[in-house]
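What follows is a set of notes on a single structure, which appears directly below.
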Amino acid sequence: MLLRSLLLTFVFVCGLFAQDPPDWTAPHEPFRIVGNVYYVGGKDLASYLITTPEGHILINSDVPKDIPQIKKSVEALGFKFSDVKILLVSHAHRDHCGGSKLLKELTGAKYMVMDRDVPVVESGGKLDFQYGKRSENWYPAAKVDRVLHDGDEVRLGDVVLVAHLTPGHTKGCTTWTMKVREASKVYTVVIIGGPNVNPGYKLVKSSVYPTMAQDYELTFRTLKSLPCDVFLGAHAGFFDMDEKFARMKAGDANAFVDPAGYKAYVADRQQAFRTELAKQSGSKN
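Numbering (UniProt numbering), first residue to last: 1 to 285.
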């Protein structure tokens, strides 16, 4: 898992500085994950549709060129794209919120973002502490309609999503949780915002983000405290989507129920963070 996570981190960061990796935007068959939660993203950039009779919630707009594919996926599942009423994101990087302006224009959805990421998304990425000085990392700026805070609830119909501040990767990185009913069972769904320490991040003595290391520590405390049945994330690679999707297609109705995988992933990313922190601190531990 560590090697896979390191490779994924490399791919994510390369995409911030060069042409987007093909897997980011390659189409993927849309599908129902559990209850009223559907996958409508690409092969790696994850986007989730949460449906209600009063309209729908979309998590992550991905890059702008993904919007037509997301629309196609929503409609292939039998839903109206125009019924998307709320747009949420994992964090303020181009690959997860770059399409938000266009999606808002097409659907009229209300855009809701964690407070500490609001300045970045409303600047189109120009105020990002790490990537804001390079124009290839910018994206169309989108006005935020509701500023969220740690622990806030987003409600639509009978759906309640809880926003958990899990900072470090960005200052307002957000992990989403919700309860979902499947037949007679109720599952806790966790959609991790992003726990990776990108190359170039200064965990020690950063002039642009001096509390980064403390924020990552907060993130791992939060993630470890969350109960999880269904483990999802901002990238499909976080939760081994390809392998689970293949199992689901083969008839495994519980392919995405993976509390052990969630715990292992969080532990792996925490160890990666601690290793990098020790390296930057000059510690031998």
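Glycine included, C-beta positions come from ideal geometry on N, C-alpha and C.
These numbers were taken from a predicted model, which means no experiment stands behind them.
With a cut-off of 8 Å on the beta carbons, I'd call I57 and I86 a contact; round off their distance for me.
5 Å
Since G232 sits in a beta bridge, which residues does DSSP pair it with?
The amino acid at residue 232 is misidentified as Gly; the sequence shows Leu. Residue pairing of L232 in beta bridges, as defined by DSSP: I191.
Going by DSSP, which residues form a beta bridge with W176?
For W176, which the question treats as bridged, DSSP gives the partners A163, I191.
Assuming the contact rule is C-beta atoms closer than 8 Å, P227 and T188 should be a hit. Round their C-beta distance to whole Å, please.
5 Å
Cβ neighbour criterion (16 or more within 10 Å) applied to T107
buried
Between the C-alpha atoms of V121 and A278, what's the straight-line distance to the nearest angstrom?
31 Å
I need the DSSP call for L16, collapsed to helix, strand or coil.
Confidence at L16 is low in this model, with a pLDDT of 43, below 50, so its placement is unreliable and the value that follows should be read with caution. Here L16 sits in helix by DSSP.
DSSP three-state label for residue 341, please.
Because the chain in this structure spans residues 1 to 285, residue 341 falls outside the shown range and cannot be described.
Specify whether the segment 131-139 and the segment 78-85 touch according to this definition: at least 3 beta carbon pairs, one from each stretch, less than 8 Å apart.
no
Length-filtered (3 minimum) beta strand (DSSP E) runs lying within the segment 19-89
31-34, 37-39, 48-52, 55-59, 84-88
Within 10 angstroms of the Cβ of S135, are there 16 or more other Cβ atoms? Answer buried if so, exposed if not.
exposed
Cβ separation of V190 and T175, assumed to be a contact under 8 Å, to the nearest whole Å:
7 Å
Proximity to V160 [Cα-Cα], best of W24, G194, V37
V37
Is it true that the CB of D150 sits closer than 9 Å to the CB of residue 348?
The displayed coordinates of the chain run from 1 to 285. Any statement about residue 348 would go beyond what the structure contains.
Starting from the Cα of D23, find the closest Cα among D44, F273, R32, D229 and give me that residue.
D44
Segments of 4+ residues assigned as alpha helix (DSSP H) that fall wholly inside the segment 110-174:
118-122
Cβ-Cβ distance between P21 and L77 below 9 Å
no
Is the Cβ-Cβ distance between D229 and P259 less than 9 Å?
In this structure, P259 lies closer than 9 Å to D229 by Cβ.
Could you pull out every residue in the same chain whose Cβ sits closer than 6 Å to the Cβ of I70, ignoring the five residues on either side in sequence?
V40, S47
Under 9 Å, do T222 and H164 count as touching if we go by C-beta distance?
yes
On the CB-based measure, 16 or more other CB atoms within 10 Å of its CB, does K185 come out buried or exposed?
Counting the other Cβ atoms within 10 Å of the Cβ of K185 gives fewer than 16, which makes it exposed.
Just the C-alpha distance for L156 and K205, rounded to the nearest angstrom, thanks.
42 Å
Test item: CB-CB of F238 and Q270 under 9 Å:
no
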